[in-house]
Each structure stands twice: as C-alpha cells, then as structure tokens.
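One structure is given below, encoded as structure tokens.
Structure, rendered in structure tokens:
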C-alpha cells in the first residue's frame, strides 16, 4: 500500500440507512474497499468492516471485479424495496459504477502535479525526473 492513493466515495440510500462505499485505486486497479452504514455501530459496523476487509483482500489477490459482483448480487433481506434489494446488492452496484478510468486519469494528473512541485529546499525537481513528493509502498 502506498502513502497516498486516489479514491471515490458514494452514498447509497438503502432500507437500512445510508451506505457509504469507498474504493481507493493504485496503479490503475482497485486496492482498498471501505463500507460504512450511516450512524450504525455495534454489529452492523463490525459486519461492514468484515466485508471491507474481505473485498480489499480480493483486490490484493487480483480477483476479477465481475467475480466479486456476481457473488454479492442477488442477496436479499427482509427490508428489500424496489430500489435496493439488499446492502450486499447495493455494494455490488456501487462497485460496478465507480468510475475506474476517471479515477485513473485523476491519479495520473495528481502524480504529475506532485512531480512538478519544488522539494523541501525550494529547488525545482531534478532534470532526471526525480519527484519532489513521491509515494512509496510500505510493507
């Protein structure tokens, strides 16, 4: 995981409340997923954390996004309505509609801007293309 990544958060109204879906991207691929159910705490919050960690792990393993979507779609609950079948279904739909290419383009522009900024001493970036502000993976 890098020090900085580009992400997108969507708010989806579900029968259980507002669901906030965040996906971060690195190197043109989804790298982290986060899900939060409005003001919920306790068990609901723990369940959302579990789903976040599992989907993030699938991203790390390069699981195709369509496989994740197929797994989540079609799960119903007793609070289903005409707009949203269930929270897992809402997660699948949001993962399917977050603009990956737009995020990638934004990430490239941000990285280019970081590379053009002067370093801490106020000097411009080196002519060899060294970045003043860089993102490095940590393990």
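Numbering (this note's numbering), first residue to last: 14 to 152.
Note that beta-carbon positions come from the ideal geometry of N, C-alpha and C, so glycine has one too.
Quick caveat: nothing in here was measured; it's all calculated off a predicted structure.
Taking residue 78 as reference, the option from 46, 54, 31 with the minimal CA-CA separation is 46.
Beyond the five residues adjoining it in sequence on each side, residue 30 comes within less than 8 Å, by CB distance, of 50, 51, 52, 53 in the same chain, given in chain order.
Distance between residue 57 and residue 66, taken at the CA atoms: about 14 Å. Counting C-beta pairs with one atom in each stretch, the stretch 81 to 90 and the stretch 102 to 113 have three or more that are closer than 8 Å, which means they touch. Residue environment analysis places residue 61 among the buried positions, since at least 16 neighbouring C-beta atoms fall within 10 angstroms of its C-beta.
Between residue 74 and the set 90, 44, 97, the nearest pair of CA atoms involves 44. Within the DSSP bridge table, the entry for residue 23 names 34 as partners.
CA-to-CA, the gap between residue 95 and residue 28 works out to about 10 Å.
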